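Chemist: If you read the sequences in order, they're chains R and X. Numbering-wise, the first sequence is residues 9 to 136 according to my numbering. Numbering-wise, the second sequence is residues 710 to 886 according to my numbering. For glycine and all other residues, C-beta sits at the position ideal for the given N, C-alpha and C. Predicted model, so just to flag it, every value in this text is computed and none were measured.
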Amino acid sequence: MKETIKNTTLADRLLFFLLISLSVSGIFISRDALSQGSDVIVEVDGKPAYTLPLNADKRLSIDGPYGPTLIEIEKGKVRVKESHCRNQICVRDGWTSRGAIVCLPNKLVIIVGGSNKYQKQGIDAITG
Amino acid sequence: MQLQDKHRVAILAAYALALHGFESLLPTPIPWLKLGLANIITLVALVLYGFRTALMVTLIRVVLASIFIGTFLGPAFILSAGGGLASVVAMGLSIKYFKNLFGTVGISLIGALFHNIAQLSLAYYFFIQRIEAVLIISPLIVLIGSLTGIVNGIISDILIKNLLKKDTEKIQNVVHW
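(1) Pull up the distance between the alpha-carbon of LYS125 of chain R and that of ILE845 of chain X, whole angstroms please.
(2) What does the alpha-carbon distance come out to for the pair ARG39 of chain R and LEU818 of chain X?
(3) Reducing DSSP to helix, strand and coil, say where ILE739 of chain X ends up.
(4) Using a Cβ cut-off of 7 Å, pull out every chain R residue sitting near PHE811 of chain X, in sequence order please.
(5) Report yes or no: do three or more beta-carbon pairs, one from the region 789 to 798 of chain X and one from the region 806 to 816 of chain X, lie closer than 8 Å?
(6) Look at the Cβ atom of VAL797 of chain X, then the Cβ atom of ALA774 of chain X, and state whether they are nearer than 8 Å.
(7) Can you check whether the C-beta of SER830 of chain X is within less than 8 Å of a C-beta belonging to chain R?
(8) Are the C-beta atoms of LEU27 of chain R and some chain X residue less than 8 Å apart?
(9) Going by CA-CA distance only, name the one from R:VAL52, R:ASN63, R:ASP71 that's closest to ILE109 of chain R.
(10) Which partner residues of PRO73 of chain R appear in the DSSP bridge assignment?
(11) Going by beta carbon distance, what residues of the same chain come within less than 6 Å of PHE781 of chain X, once the five residues before and after it are set aside?
(12) For LEU851 of chain X, which residues in chain R fall below 8 Å Cβ to Cβ?
(13) Counting only beta-carbon atoms, is GLY791 of chain X nearer than 8 Å to chain R?
(14) Does the contact criterion of 3 or more C-beta pairs under 8 Å hold for the region 817 to 831 of chain X versus the region 840 to 854 of chain X?
(15) To the nearest angstrom, how far is it from the Cα of GLY862 of chain X to the Cα of VAL771 of chain X?
(16) Any residues in the region 854 to 873 of chain X with a beta carbon nearer than 7 Å to a beta carbon of chain R? Which ones, in chain order?
(17) Which residues in chain X sit within 9 Å of THR104 of chain R, going by Cβ to Cβ distance?
(18) Any beta-carbon of chain X closer than 8 Å to the one on LEU23 of chain R?
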């Protein structure tokens with residue numbers, strides 16, 4: 009085995025390092041591109057009401073059965089700043105960059121990350 | 710095709726089939742991660758006996774393995790056949806035109822790369838049809854493919870050297886390109 013590795017040509021090694029470096033940098037580039045494409049989707053009463061980019065700071069007030077809910081987007085994260093519901097679960101969730109924040113009394117769902125969340129379809133896995 | 714060549718193709722295809730079947734039984738952490746052990750046989754056939762033998766071995770292996778595993782003419786078969794054919798053609802061409810440039814390990818890497826490219830394009834055209842998904846997944850697939858390609862190339866190189874050493878009369882049968 010050592011002999012085989014020693015006998016590899018210069019082109020072999022160049023090809024190997026080229027492929028490895030290209031694919032590793034490709035992984036990082038695609039990950040960056042993916043996180044930039046993230047959106048915040050605000051659903052009121054089960055219907056998507058707003059779609060906002062995660063990388064732009066914004067404040068948003070949404071009216072619900074318990075009064076206005078204040079949503080804040082900052083530095084790629086979302087939180088519910090203020091809500092007039094009883095449990096305050098959504099406020100205690102704090103800053104979130106992935107997943108969802110739910111405020112049941114106000115019928116409010118905030119989904120973070122992955123703008124293609126509702127478009128995923130097709131085959132899960134192929135073997136063989 | 711002579712009788713001896715037919716025997717050789719049959720034996721090589723049997724080896725490739727056994728490796729392919731064994732590999733499909735191995736549990737893998739990611740569904741589409743495969744070692745590509747059958748490519749060792751393809752590469753050995755290509756280097757020692759020429760392009761036609763390697764092509765026949767690959768075709769027999771892909772078709773029979775899919776019948777045994779139960780994926781014949783299914784999506785997995787299309788991907789497997791496309792990847793196998795692309796890898797044989799790429800390796801055959803690179804042996805023909807860059808024989809002085811690349812060693813066995815390099816040829817194996819080229820084969821692995823084209824195997825992945827063919828599978829990704831086939832998956833895009835027939836099954837996924839979303840270019841972002843393919844682009845996101847392709848660097849990881851190429852990375853894993855290069856690593857397994859290196860390992861397979863090293864194994865093939867050792868195998869080829871041992872085969873050449875052991876029975877010198879086979880050297881007379883080596884196809885001259």
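Modeler: Put simply:
(1) Bear in mind that the predicted position of LYS125 of chain R carries a pLDDT of just 46, short of 50, making it unreliable; the figure below should be weighed with that in mind. About 15 Å.
(2) 25 Å
(3) coil
(4) THR17, ALA19, ASP20
(5) The region 789 to 798 of chain X, when compared against the region 806 to 816 of chain X, does not touch it at the 8 Å Cβ threshold.
(6) no
(7) For SER830 of chain X, not one C-beta of chain R is nearer than 8 Å to its own C-beta.
(8) yes
(9) R:VAL52
(10) PRO73 of chain R is not bridged to any residue.
(11) If you ignore the 5 residues before and after PHE781 of chain X, its C-beta comes within less than 6 Å of the C-beta of SER775, all in its own chain and listed in chain order.
(12) Residue identity differs from the one stated: residue 851 of chain X is Val in this sequence, not Leu. Those within 8 Å of VAL851 of chain X in chain R are LEU27, LEU30, SER31, GLY34.
(13) no
(14) Two segments are said to touch when three or more pairs of C-beta atoms, one from each, lie closer than 8 Å; by this definition the region 817 to 831 of chain X touches the region 840 to 854 of chain X.
(15) 20 Å
(16) SER855, ILE859, ILE863, ASP866, ILE867
(17) Chain X residues near THR104 of chain R: none, gap ~23 Å exceeds 9 Å.
(18) Contact with chain X is found for LEU23 of chain R, since one of that chain's Cβ atoms lies less than 8 Å from the residue's Cβ.
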